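Student: Pasting a structure below so you can have a look.
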Amino acid sequence: MSESLIFSLIVGASVGLAAGYLGSIMVLEKMALVGDAMSHVALPGLALGVLLGFNPLLGGFLFLFVSAILIWHISRVTKLSFETLVGAAFTLALAIGILLFKNLDALEAALFGDIAQVTVLSAGIAIAVSVAVIVLTRLIYKKIVLGLISEELAISKGISIAKTNLLYLLLVSVTVAIGIQITGTLLVGFLVVTPAAASRIISSNMSRYLALSATFGAISAISGVLLSGYFNVLPGPLVVISGVVIFVIVLLIRWRKKIES
Amino acid sequence: MEGSSDYILRVSNLTVELQNQIILEHVNFKVKRGVTLAIVGPNGAGKTVLFRTLLNLVPYTGKIEWAPDVKIGYVPQNISVKDVPISVKEFLSYKSSSDIEPALTAVKLDTKDFQNKTLRVLSGGQLRRVLIAWALIDNPNVLLFDEPTVGVDVGGEESIFFMLNELKQKRNITMLLITHDIHLVKEYTDELLGLNKCATFFGESQRIAEPSLQQRIYGETVCLGET
Numbered sequence: 001m002s003e004s005l006i007f008s009l010i011v012g013a014s015v016g017l018a019a020g021y022l023g024s025i026m027v028l029e030k031m032a033l034v035g036d037a038m039s040h041v042a043l044p045g046l047a048l049g050v051l052l053g054f055n056p057l058l059g060g061f062l063f064l065f066v067s068a069i070l071i072w073h074i075s076r077v078t079k080l081s082f083e084t085l086v087g088a089a090f091t092l093a094l095a096i097g098i099l100l101f102k103n104l105d106a107l108e109a110a111l112f113g114d115i116a117q118v119t120v121l122s123a124g125i126a127i128a129v130s131v132a133v134i135v136l137t138r139l140i141y142k143k144i145v146l147g148l149i150s151e152e153l154a155i156s157k158g159i160s161i162a163k164t165n166l167l168y169l170l171l172v173s174v175t176v177a178i179g180i181q182i183t184g185t186l187l188v189g190f191l192v193v194t195p196a197a198a199s200r201i202i203s204s205n206m207s208r209y210l211a212l213s214a215t216f217g218a219i220s221a222i223s224g225v226l227l228s229g230y231f232n233v234l235p236g237p238l239v240v241i242s243g244v245v246i247f248v249i250v251l252l253i254r255w256r257k258k259i260e261s
Numbered sequence: 262m263e264g265s266s267d268y269i270l271r272v273s274n275l276t277v278e279l280q281n282q283i284i285l286e287h288v289n290f291k292v293k294r295g296v297t298l299a300i301v302g303p304n305g306a307g308k309t310v311l312f313r314t315l316l317n318l319v320p321y322t323g324k325i326e327w328a329p330d331v332k333i334g335y336v337p338q339n340i341s342v343k344d345v346p347i348s349v350k351e352f353l354s355y356k357s358s359s360d361i362e363p364a365l366t367a368v369k370l371d372t373k374d375f376q377n378k379t380l381r382v383l384s385g386g387q388l389r390r391v392l393i394a395w396a397l398i399d400n401p402n403v404l405l406f407d408e409p410t411v412g413v414d415v416g417g418e419e420s421i422f423f424m425l426n427e428l429k430q431k432r433n434i435t436m437l438l439i440t441h442d443i444h445l446v447k448e449y450t451d452e453l454l455g456l457n458k459c460a461t462f463f464g465e466s467q468r469i470a471e472p473s474l475q476q477r478i479y480g481e482t483v484c485l486g487e488t
């Protein structure tokens, strides 16, 4: 097993866990497409990194971070939904990103991920960021869920929904930024959506739902990276296919249970 | 003789304006400790906004004076649980990890099995009880209850009224109820506030049976002080 494959597995497992955990809230909020579309916002930042010779992931992260704050602020001022604003931002970012990328190989890696570029440093950053994302998500998920159930109950408990949403969007940004290495910008949204969707089908309480979302996310990413190393192809599509296989298995289990009951 | 500590709430000249629309205007009323006050009025009269204002969730002018020892429990009209896989126990633990069992016992839902049920599979009546349990955690001395019987079948309504009455007797809780249910007002409440942007009536709830009063509350608005 090559060194870059081992590092990719570490990044994949970390990102899969964090994205699955965080994504569980996104699916509840019916913001699945926000996570997906947000990932494309990173593309101009990645392109600038390649063009100007600094770490493209840093560029991607900065673009995501600033976009998240702008989207949150505009949403507060205009009362437009996150979906609408992210929808507008992601097409613009995709267009600018594609125009900025002169090198087609670099564009392909940005869109679909490239495990050959994963280093020990990026593996270390992925572990640290994922741990931070999971810890912070644990701190805010009750507030977000209560806000979803009843905004009045949440506010009467002193919860600031606007501040919680901002922190949540920033967590999505950092998770997407580190996930880009493995799945690319085009497919990283998958990691925040599909594992949580599979978990949602078979969960009757929040603890199980969160735990299964994170587990499915990690399994999808690890299987995708392993298969990518074995077949020597881009990891992104294989992560997606692994995740969809989990989703289908969960559907079949539920279907069988329904028939038996 | 009445002392100021007899009252748990005094509202004077309360006006609420939201998005350039006046929702409540110059509302005055006061609530004695241990009393159950019914708040009635047509749809859009500002009843729920009044609760939100009492909870300090919306900006207002005028005065809202709660007694210093007040602890408020709030039961909202609607919650959205359809898409959230959350169990009864988990939901209640979001308010406080202690006092869950006593609160469930108080609303007669104390089995272990019930605590593990998902909120979205509960009947309308069971969900109302869980929400009351939520409000009872932390031992409030005032309960604000928005439409106690919404989504509850006819048999369930009576048992909720009965349970509320029992809570009032055992815990001496002051209750403010928003309702459209004339039977509930007559049988289970002490005082009545008619609301239609302004206060249209404030007095004994027994008087709800008078057709002229119903006409005054639900018909053409005549604010108190205008007659």
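Protein sequences, first through last, are from chains V and A. So the first sequence is numbered by the numbering used here: it starts at 1 and just counts up by one. So the second sequence is numbered by the numbering used here: it starts at 262 and just counts up by one. Every residue, glycine too, gets a C-beta built ideally from N, C-alpha and C. These numbers come from a predicted model, not from an experiment.
Can the beta-carbon of Pro237 of chain V be found less than 8 angstroms from the beta-carbon of Phe82 of chain V?
Tutor: Residue numbering aside, residue 237 of chain V sits at position 237 when the first sequence is read from its first letter. Residue numbering aside, residue 82 of chain V sits at position 82 when the first sequence is read from its first letter. In this structure, Phe82 of chain V does not lie closer than 8 angstroms to Pro237 of chain V by Cβ.
Student: Hey, quick one: how far does the beta strand (DSSP E) through Met436 of chain A stretch, first residue to last?
Tutor: Residue 436 of chain A sits at position 175 when you count from the first residue of the second sequence. Element bounds for Met436 of chain A: Thr435 to Ile439.
Student: To the nearest angstrom, report how far apart Ile398 of chain A and Ile361 of chain A are at their CA atoms.
Tutor: By 1-based counting over the second sequence, the position of residue 398 of chain A is 137. By 1-based counting over the second sequence, the position of residue 361 of chain A is 100. The alpha-carbon atoms of Ile398 of chain A and Ile361 of chain A are separated by roughly 7 angstroms.
Student: For Thr309 of chain A, which residues from the same chain have a beta carbon less than 7 angstroms from its beta carbon, with the 5 sequence-adjacent residues on both sides left out?
Tutor: As a position in the second sequence, residue 309 of chain A is number 48, starting the count at 1. The residues are Gln338, Asp407 and Ile439.
Student: Glu278 of chain A touches chain V at which residues, Cβ-Cβ below 9 angstroms?
Tutor: Residue 278 of chain A sits at position 17 when you count from the first residue of the second sequence. Within chain V, no residue comes near Glu278 of chain A; the closest Cβ sits about 18 angstroms away, beyond 9 angstroms.
Student: Is Ala19 of chain V near Gly147 of chain V, with beta carbons less than 8 angstroms apart?
Tutor: Counting from 1 along the first sequence, the entry for residue 19 of chain V is found at position 19. Counting from 1 along the first sequence, the entry for residue 147 of chain V is found at position 147. Not a contact, by the Cβ cut-off of 8 angstroms.
Student: What residues are listed by DSSP as bridge partners for Gly224 of chain V?
Tutor: Translated into positions along the first sequence, residue 224 of chain V becomes position 224. Looking at the DSSP assignment, Gly224 of chain V forms no beta bridge with any residue, so it has no partner.
Student: Listing by chain order, which chain V residues have their CB less than 9 angstroms from the CB of Pro401 of chain A?
Tutor: By 1-based counting over the second sequence, the position of residue 401 of chain A is 140. The premise fails here: Pro401 of chain A is roughly 12 angstroms from chain V at the closest Cβ pair, so nothing lies under 9 angstroms.
Student: Which of helix, strand or coil does DSSP assign to Leu9 of chain V?
Tutor: Taking the first residue of the first sequence as position 1, residue 9 of chain V is located at position 9. Three-state DSSP puts Leu9 of chain V in a helix.
Student: Check whether the Cβ atoms of Val133 of chain V and Leu85 of chain V lie closer than 8 angstroms to each other.
Tutor: Numbered from 1 along the first sequence, position 133 holds the residue referred to as residue 133 of chain V. Numbered from 1 along the first sequence, position 85 holds the residue referred to as residue 85 of chain V. Cβ atoms of Val133 of chain V and Leu85 of chain V: not closer than 8 angstroms.
Student: On a CA-only basis, which of V:Tyr168, V:Ala42 and V:Leu58 is nearest Leu92 of chain V? Give me that one, please.
Tutor: Locating residue 92 of chain V in the first sequence gives position 92, counting from the first residue. Nearest C-alpha to Leu92 of chain V: V:Ala42.
Student: Among the residues of its own chain, which have a CB less than 7 angstroms from the CB of Leu62 of chain V, if the five just before and after it don't count?
Tutor: For the purposes of this step, residue 62 of chain V is identified with residue 62 of the first sequence, where counting begins at 1. So the list reads Gly45, once near-sequence residues are dropped.
Student: By how many angstroms is the C-alpha of Val345 of chain A removed from the C-alpha of Val145 of chain V?
Tutor: The residue you call residue 145 of chain V lines up with position 145 of the first sequence. The residue you call residue 345 of chain A lines up with position 84 of the second sequence. Between Val145 of chain V and Val345 of chain A, the C-alpha separation is close to 8 angstroms.
Student: Looking at the unbroken beta strand (DSSP E) that takes in Leu238 of chain V, where does it start and where does it end?
Tutor: Sequence index remark: in the first sequence, residue 238 of chain V carries index 238 (1-based). Element bounds for Leu238 of chain V: not the beta strand (DSSP E) but the alpha helix (DSSP H), Pro235 to Glu260.
Student: Count the other C-beta atoms from every protein chain shown that fall within 10 angstroms of the C-beta of Val129 of chain V, then say buried if there are 16 or more, exposed otherwise.
Tutor: Along the first sequence, read from residue 1 onward, the residue named residue 129 of chain V stands at position 129. Buried, by the Cβ-count rule.
Student: At what residue ranges does the segment 158-203 of chain V contain a whole run of the alpha helix (DSSP H), taking only runs of 4 or more?
Tutor: The segment 158-203 of chain V contains these whole alpha helix (DSSP H) runs: 161-201.
Student: Is any beta-carbon of chain V found at less than 8 angstroms from that of Arg389 of chain A?
Tutor: In the second sequence, counting from the first residue as 1, residue 389 of chain A sits at position 128. No, no contact with chain V.
Student: In this structure, does DSSP put Ala299 of chain A in helix, strand or coil?
Tutor: Locating residue 299 of chain A in the second sequence gives position 38, counting from the first residue. Correct three-state label for Ala299 of chain A: strand.
Student: Our contact map puts Ala364 of chain A next to Ser266 of chain A with C-beta atoms below 8 angstroms; I'd like the distance itself, whole angstroms only.
Tutor: Taking the second sequence and counting its residues from 1, the one referred to as residue 364 of chain A is at position 103. Taking the second sequence and counting its residues from 1, the one referred to as residue 266 of chain A is at position 5. Not really, about 27 angstroms apart at Cβ, beyond 8 angstroms.
Student: Using a Cβ-Cβ cut-off of less than 7 angstroms, list which residues of the segment 280-293 of chain A approach chain V; keep chain order.
Tutor: Flagged: no residues at all.
Student: Show which residues of chain V have a CB atom less than 9 angstroms away from the CB atom of Val297 of chain A.
Tutor: As a first step, residue 297 of chain A is located in the second sequence; it is residue number 36 there, counting from the start. One point to set straight first is that residue 297 of chain A is Thr, not Val, in the sequence displayed. Under the 9 angstroms cutoff, chain V gives no residues; its nearest Cβ is about 21 angstroms from Thr297 of chain A.
Student: Would Ile25 of chain V pass as an interface residue toward chain A - the criterion being a Cβ-Cβ separation below 8 angstroms?
Tutor: Position 25 of the first sequence, counting from 1, holds the residue named residue 25 of chain V. No, no contact with chain A.
Student: Rounded to the nearest angstrom, what separates Ser75 of chain V and Met38 of chain V at their Cα positions?
Tutor: The residue labelled residue 75 of chain V in the question sits at position 75 within the first sequence. The residue labelled residue 38 of chain V in the question sits at position 38 within the first sequence. Rounded to the nearest angstrom, the two C-alpha atoms are 15 angstroms apart.
Student: Would you list, in sequence order, the uninterrupted alpha helix (DSSP H) runs of no fewer than 4 residues that lie entirely inside the segment 342-372 of chain A?
Tutor: Entirely contained in the segment 342-372 of chain A, the alpha helix (DSSP H) runs reaching 4 residues are, in chain order, 349-354 and 361-367.
Student: So Pro289 of chain A is in the beta strand (DSSP E); what residue range does that whole segment cover?
Tutor: Walking along the second sequence from the start, residue 289 of chain A turns up at place 28. What sits at residue 289 of chain A in the sequence shown is Asn, not Pro. From DSSP, the beta strand (DSSP E) with Asn289 of chain A extends over Gln282 to Lys293.
Student: What are the boundary residues of the beta strand (DSSP E) that Asp407 of chain A is part of?
Tutor: Looking up residue 407 of chain A in the second sequence gives position 146. Asp407 of chain A -> beta strand (DSSP E) spans Val403 to Asp407.
Student: Suppose the cutoff is 7 angstroms on Cβ atoms and the five residues either side in sequence are ignored; what does the same chain contact list for Gln280 of chain A look like?
Tutor: Position 19 of the second sequence holds residue 280 of chain A. So the list is empty, once near-sequence residues are dropped.
Student: Between the Cα of Val336 of chain A and the Cα atoms of A:Ile284, A:Ala394 and A:Leu383, which residue gives the shortest distance?
Tutor: For the purposes of this step, residue 336 of chain A is taken as the residue at position 75 of the second sequence. Per the Cα distances, A:Ala394.
Student: Mind pulling the chain B residues with CB within less than 7 angstroms of Pro346 of chain A?
Tutor: Looking at the structure shown, chain B is missing, and the protein chains on hand are V and A.
Student: Give me the Cα-Cα distance between Ala13 of chain V and Ser228 of chain V, rounded to the nearest whole angstrom.
Tutor: Here residue 13 of chain V is taken as the residue at index 13 of the first sequence, counted from 1. Here residue 228 of chain V is taken as the residue at index 228 of the first sequence, counted from 1. Their backbone Cα atoms lie some 14 angstroms apart in a straight line.
Student: Count Cβ pairs between the segment 364-379 of chain A and the segment 175-191 of chain V that sit closer than 8 angstroms; are there 3 or more?
Tutor: The answer is no - the segment 175-191 of chain V does not touch the segment 364-379 of chain A, with fewer than three Cβ pairs under 8 angstroms.
Student: Please compile the residues from chain V whose C-beta is within a distance smaller than 7 angstroms of the C-beta of Pro337 of chain A.
Tutor: For this step, residue 337 of chain A is matched to residue 76 along the second sequence. Correct list: Ser150, Glu152 and Leu153.
Student: Please confirm whether Glu286 of chain A and Lys458 of chain A have their CB atoms less than 8 angstroms apart.
Tutor: Residue 286 of chain A sits at position 25 when you count from the first residue of the second sequence. Residue 458 of chain A sits at position 197 when you count from the first residue of the second sequence. Yes, these two residues count as a Cβ contact at 8 angstroms.
Student: Which full runs of the beta strand (DSSP E) of 3+ residues lie inside the segment 78-153 of chain V, going along the chain?
Tutor: Correct list: empty.
Student: What does a CB cutoff of less than 8 angstroms around Ile259 of chain V pick up in its chain, not counting 5 residues either side in sequence?
Tutor: Working through the first sequence from its first residue, we reach residue 259 of chain V at position 259. Correct list: empty, nothing qualifies.
Student: Under the rule that 16 or more other beta-carbon atoms within 10 Å means buried, what is Trp255 of chain V, buried or exposed?
Tutor: Locating residue 255 of chain V in the first sequence gives position 255, counting from the first residue. Classification of Trp255 of chain V: exposed, given that the 10 Å Cβ count is below 16.
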